[in-house]
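Numbering (the numbering used here), first residue to last: 494 to 759. Yeah, the Cβ is synthetic: ideal placement off N, Cα and C, and Gly gets one too.
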């Protein structure tokens, strides 16, 4: 279990401080020590505009990780606020492109952004992330959850063991090809993220200019070196939700973040 606090600490900038509790039993302590070491190792390796910036960490007297603070909430929360509306298609693909670029960076450092289920025995490589990316891209375009009517467990079982996928029939032909190639049953047949980026760029070159980005979007998602609006908000808050962390704006008032969505490996 960990908590994330917002505070001014680094060069008078507001940062996020993640405090990892050590646990009580020897097994729990060892597990959290290992997680801390893995997370610090991963964060210190990667530098990319679409990934949260690592500032520093310490292990004693408590385990602490300091990163940049990404304001504005998660992409999921923004999508939910738009319902029943959808993103402009170019905006949706722009988000996907930012995510793909971040994933390309992670994979270049040998990092797989998977979320494995307890007890999973299969061997995974970087191609498992292509499946999760396809689901994210599908959701960005449709602005609704895939596998509606199923529980998370039912959806995971259907995808992994019955090769069930959301329908891509209503997608533009080029986007349908990208999505369906990323969630192919055989992971070896899926494209890598360098290829996915090129496919997305090729698609973007075939469609008209994007609609004006709403003021609220400009405020939440901004970047000095943006090419396609808007930039990805990064992964800090998404990782916190995935890991079940608590996020607080001060040390006295913890506020729990609920799970936004689920990802599973295929």
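| said: Going by DSSP in three states, residue 497 sits in which element: helix, strand or coil? | reply: On the chain shown, residue 497 is found 4 positions in, with the first residue counted as 1. DSSP places residue 497 in strand when its eight states are reduced to three.
| message | Buried or exposed for residue 541, going by 16 or more other Cβ atoms inside 10 Å? | response | Locating residue 541 in the chain shown gives position 48, counting from the first residue. Answer is buried; the Cβ neighbour count reaches 16.
| field | Within 7 Å, strictly: CB atoms of residue 586 and residue 627 | value | Stepping through the chain shown from its first residue, residue 586 is reached at position 93. Stepping through the chain shown from its first residue, residue 627 is reached at position 134. Going by C-beta atoms, residue 586 is not nearer than 7 Å to residue 627.
| field | Selected residue, minimal CA-CA separation from residue 499, among 665, 551, 564 and 536 | value | For the purposes of this step, residue 499 is identified with residue 6 of the chain shown, where counting begins at 1. With distances taken between Cα atoms, residue 499 lies closest to 564.
| Bridge partners - residue 699, DSSP secondary structure assignment | Residue 699 sits at position 206 when you count from the first residue of the chain shown. Beta-bridge pairing links residue 699 to no other residue.
| query | Which two residues bound the contiguous alpha helix (DSSP H) that contains residue 672? | reply | Stepping through the chain shown from its first residue, residue 672 is reached at position 179. Unbroken alpha helix (DSSP H) run through residue 672: 666–675.
| field | Cutoff 7 Å: residue 499 Cβ touching any chain C Cβ | value | Given the protein chain composition of this structure (a single chain), no chain C is represented.
| Burial state of residue 662 (16 or more Cβ within 10 Å) | Position 169 of the chain shown holds residue 662. Classification of residue 662: exposed, given that the 10 Å Cβ count is below 16.
| query | Are there 16 or more other CB atoms within 10 angstroms of the CB of residue 543, so buried, or fewer, so exposed? | reply | Here residue 543 is taken as the residue at index 50 of the chain shown, counted from 1. When all chains shown are included, residue 543 counts as buried.
| request: With DSSP as the reference, label residue 478 as helix, strand or coil. | output: Beyond the ends of the chain as shown, which are 494 and 759, falls residue 478; an answer cannot be given.
| field | 8 Å CB neighbourhood of residue 551 in its chain, flanking five on each side removed | value | Along the chain shown, one-based indexing puts residue 551 at 58. If we look at residue 551 and ignore the five residues flanking it on each side, its Cβ neighbours are 557.
| Thinking C-beta only, is residue 547 closer than 7 Å to residue 536? | As a working mapping, residue 536 is identified with position 43 in the chain shown. As a working mapping, residue 547 is identified with position 54 in the chain shown. Yes, these two residues count as a Cβ contact at 7 Å.
| What does a CB cutoff of less than 8 Å around residue 669 pick up in its chain, not counting 5 residues either side in sequence? | Here the question's residue 669 lines up with position 176 in the chain shown. Contacts found: 661 and 662.
| residue 508 (DSSP reduced to helix, strand or coil) | Looking up residue 508 in the chain shown gives position 15. Note: residue 508 maps to strand in three-state DSSP.
| query | Residues in its own chain within less than 8 Å of residue 524 by CB, not counting five upstream and five downstream? | reply | If you number the chain shown from 1, residue 524 lands on position 31. Excluding sequence neighbours, residue 524 sits near 516.
| request: Could you tell me if residue 513 is buried or exposed, where buried requires 16 or more neighbouring beta carbons within 10 angstroms of its beta carbon? | output: On the chain shown, position 20 is the one that residue 513 refers to. Buried is the call here.
| said: Taking the beta carbon of residue 532 as the centre, do at least 16 other beta carbons fall within 10 Å, making it buried, or is it exposed? | reply: Residue mapping note: residue 532 aligns to position 39 of the chain shown, counting from 1. Buried.
| query | Do the CB positions of residue 602 and residue 504 come within less than 7 Å of each other? | reply | Within the chain shown, residue 602 is the residue found at index 109, counting from 1. Within the chain shown, residue 504 is the residue found at index 11, counting from 1. Not in contact: residue 602 and residue 504 (Cβ atoms no closer than 7 Å).
| Counting along the chain, where does the alpha helix (DSSP H) carrying residue 592 start and finish? | What you label residue 592 is simply residue 99 of the chain shown in a count that begins at 1. Segment 582–601, the alpha helix (DSSP H) holding residue 592.
| field | Nearest neighbour of residue 686, chosen from 655, 596 and 572 [CA to CA] | value | If you number the chain shown from 1, residue 686 lands on position 193. The shortest C-alpha separation from residue 686 is found at 596.
| CA-to-CA distance, residue 678 to residue 656, given in whole angstroms | Working through the chain shown from its first residue, we reach residue 656 at position 163. Working through the chain shown from its first residue, we reach residue 678 at position 185. Rounded to the nearest angstrom, the two C-alpha atoms are 6 Å apart.
| said: Relative to the C-alpha of residue 496, which candidate in 559, 554, 553 and 549 has its C-alpha closest? | reply: In the chain shown, counting from the first residue as 1, residue 496 sits at position 3. The residue with the shortest Cα to Cα distance from residue 496 is 559.
| Taking buried to mean at least 16 other C-beta atoms within 10 Å of its own C-beta, is residue 629 buried or exposed? | Taking the chain shown and counting its residues from 1, one reaches residue 629 at position 136. Burial call: buried.
| request: In angstroms with no decimal places, state the Cα-to-Cα distance between residue 631 and residue 527. | output: Start at 1 with the first residue of the chain shown, and residue 631 comes out as number 138. Start at 1 with the first residue of the chain shown, and residue 527 comes out as number 34. Cα to Cα, residue 631 sits roughly 34 Å from residue 527.
| Name the DSSP beta bridge partners of residue 550, please? | Along the chain shown, one-based indexing puts residue 550 at 57. Looking at the DSSP assignment, residue 550 forms a beta bridge with 558.
| task | Count the other C-beta atoms from every protein chain shown that fall within 10 angstroms of the C-beta of residue 784, then say buried if there are 16 or more, exposed otherwise. | result | As shown, the chain starts at 494 and ends at 759. That puts residue 784 outside it, with no answer to give.
| Hey, quick one: how far does the alpha helix (DSSP H) through residue 574 stretch, first residue to last? | If you number the chain shown from 1, residue 574 lands on position 81. Per DSSP, residue 574 belongs to the alpha helix (DSSP H) from 568–575.
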